[in-house]
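What follows is one structure encoded as structure tokens, with my remarks underneath.
Residue numbers (the numbering used here): 6 to 232.
This is the structure in structure tokens:
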């Protein structure tokens, strides 16, 4: 199922996680945080905010309705955010509201060909790589690397079946019968910290840490482009 064509169709409604910075989460965020075993506000404050400067150039993959995008834009008043999605996210993110600070790209593949090389200071995704098999992830990491400036960081949430085993499949909202199916048949393909670290290194990234430890069900990898 996690083919590009499937991903284009599955999320055409626009995924929405609510206001990730709100002290009091809405019902959607409450349910998601319960499944994932973590706080979106904590993720933003500990994983994203330390890597933002007022003039940062940020790249985000798969913004959906822009829960993370809107939060990022609050902290880069002199910077810019460019987002890539298979859907036209402009009706949801309303880029005209942000002047030239927000650019929304519709893409057909994982080539990253619409973007300039050596341009971005920070690359972020959440709720994206967890729905991609390892072949897709390898392509995403390889093609995104030259788009970042040397020394820049990338942080991505991804599925970690080892943590899921410990956390609980039912509690995590992932069907247990997925264990008996191939990755091409499910929307939560197999992955773990060792696999993700290997994929990233083969793509040319330096792995800072395979998991930030902010989520009980999933992992978040921190990568750096060295040169």
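Positions of the beta carbon are idealized from the N, C-alpha and C atoms, including for glycine.
Just mark residue i as buried or exposed, buried being the case when its beta carbon has 16 or more other beta carbons within 10 Å.
i           : result
residue 30  : buried
residue 86  : buried
residue 105 : exposed
residue 181 : exposed
residue 28  : exposed
residue 215 : buried
residue 134 : buried
residue 219 : buried
residue 168 : buried
residue 162 : buried
residue 32  : exposed
residue 204 : buried
residue 156 : exposed
residue 37  : buried
residue 187 : exposed
residue 223 : buried
residue 191 : buried
Run through DSSP, which three-state label would residue i get?
i           : result
residue 130 : strand
residue 120 : coil
residue 175 : helix
residue 44  : coil
residue 211 : strand
residue 35  : helix
residue 65  : strand
residue 145 : helix
residue 204 : helix
residue 26  : coil
Starting from residue i and walking both ways along the beta strand (DSSP E), at which residues does that stretch end?
i           : result
residue 159 : 153-163
residue 58  : It is not in any beta strand (DSSP E) - residue 58 carries neither H nor E in the DSSP assignment.
residue 88  : 85-90
residue 107 : 107-111
Return the first residue and the last residue of the alpha helix (DSSP H) that residue i is part of.
i           : result
residue 229 : Not the alpha helix (DSSP H): residue 229 falls in the beta strand (DSSP E), residues 224-229.
residue 78  : 72-78
residue 96  : 95-98
Could you round the C-beta distance between residue i and residue j to whole angstroms and report it? I think they count as a contact, below 8 angstroms.
i           : j           : result
residue 92  : residue 172 : 30 angstroms between Cβ atoms; not a contact.
residue 103 : residue 64  : Contact doesn't hold; Cβ gap of about 15 angstroms is too wide.
residue 42  : residue 60  : 34 angstroms between Cβ atoms; not a contact.
residue 52  : residue 225 : 6 angstroms
residue 20  : residue 58  : About 27 angstroms; that fails the 8 angstroms criterion.
residue 196 : residue 165 : 6 angstroms
residue 40  : residue 178 : 4 angstroms
- Query: Counting Cβ pairs, one atom from each stretch, are 3 or more of them under 8 angstroms apart for the region 195-211 and the region 144-158?
  - Reply: yes
- Are three or more beta carbon pairs between the region 171-187 and the region 111-121 nearer than 8 angstroms? With the cut-off at 8 angstroms, the region 171-187 and the region 111-121 do not touch.
- Query: With contact counted as at least three CB pairs below 8 angstroms, one residue from each stretch, are the region 119-139 and the region 94-105 in contact?
  - Reply: These segments do not touch.
- Does the region 194-208 touch the region 134-145, meaning 3 or more C-beta pairs lie closer than 8 angstroms? yes
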